[in-house]
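Inspection log for the structure reproduced underneath, given as structure tokens.
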């Protein structure tokens, strides 16, 4: 399976198409006058299928999930062009989650909560990273660091999900509220995973630019140093008068020779 996923982009395009289908069916539901439940369930099925595929791909490839736009075989511009459709995919996936929320709210006639889940799950990775750096600089042991980061991580996750669940159960009842919360958590996890991979790809692209810039600047600096070393100052031509004194130009030498001749003439 890993060899297949590392050799073709077909599964990634399949996820893109499924999310696009979910987006289209949700849009049709919002614009339809009949508000067919079939469209709503079709959208939910597409979202769930795309989420399962995303998680499965990441479970198999891990950090190599973005190989098709971060491979060393591609140059800077090639990587940048490949990131554009992925950025559109993330934007469409985020919009789809909130569009679907609006569609479900319209269907059941009750307001649902999802923002707290989305915000807390998005914040887990950067907060955990910043906390790890701060505690590492402070000299905290690895065991303590792992415990603190894990507590903060799960506190954010459970806090966001718990708050959304409480609000959804309060407004839509236990069955509908819990079902929507569970479904939204699965979809938001997929969105967060895609955002995380996109940020990693951007950082890698930035590091490539930074590395290339450092190499160019170092090359220019080394060339300038070599050029200065090769510039050997040419010795100036000196002119010696009849008394053996040196002069910087022939005019000064000639004037000195005249004075020397006059002096010698007077001494005779």
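Numbering (my numbering), first residue to last: 85 to 352. Built from N, CA and C at the ideal position, the CB exists for glycine as well.
Give the DSSP bridge partners of residue i, in chain order.
i           : result
residue 330 : 324
In whole angstroms, give me the CA-to-CA distance for residue i and residue j.
i           : j           : result
residue 128 : residue 184 : 8 Å
residue 139 : residue 292 : 28 Å
residue 240 : residue 270 : 16 Å
residue 176 : residue 107 : 7 Å
residue 174 : residue 223 : 37 Å
residue 114 : residue 156 : 44 Å
residue 276 : residue 116 : 30 Å
residue 86  : residue 154 : 17 Å
residue 347 : residue 338 : 14 Å
residue 335 : residue 351 : 24 Å
residue 307 : residue 137 : 52 Å
residue 234 : residue 267 : 24 Å
residue 207 : residue 310 : 50 Å
residue 287 : residue 190 : 40 Å
residue 219 : residue 182 : 36 Å
Assuming residue i contacts residue j (C-beta within less than 8 Å), just tell me the rounded distance between them.
i           : j           : result
residue 192 : residue 256 : 6 Å
residue 197 : residue 251 : 4 Å
residue 200 : residue 261 : Their Cβ separation, rounded to whole angstroms, is 14 Å, which puts residue 200 and residue 261 out of contact at 8 Å.
How should residue i be labelled, buried or exposed, when 16 other C-beta atoms within 10 angstroms of its C-beta is the threshold for buried?
i           : result
residue 304 : exposed
residue 160 : exposed
residue 141 : buried
residue 272 : buried
Do residue i and residue j have their C-beta atoms closer together than 9 Å?
i           : j           : result
residue 123 : residue 110 : yes
residue 180 : residue 232 : no
residue 299 : residue 325 : no
residue 285 : residue 150 : yes
residue 130 : residue 105 : yes
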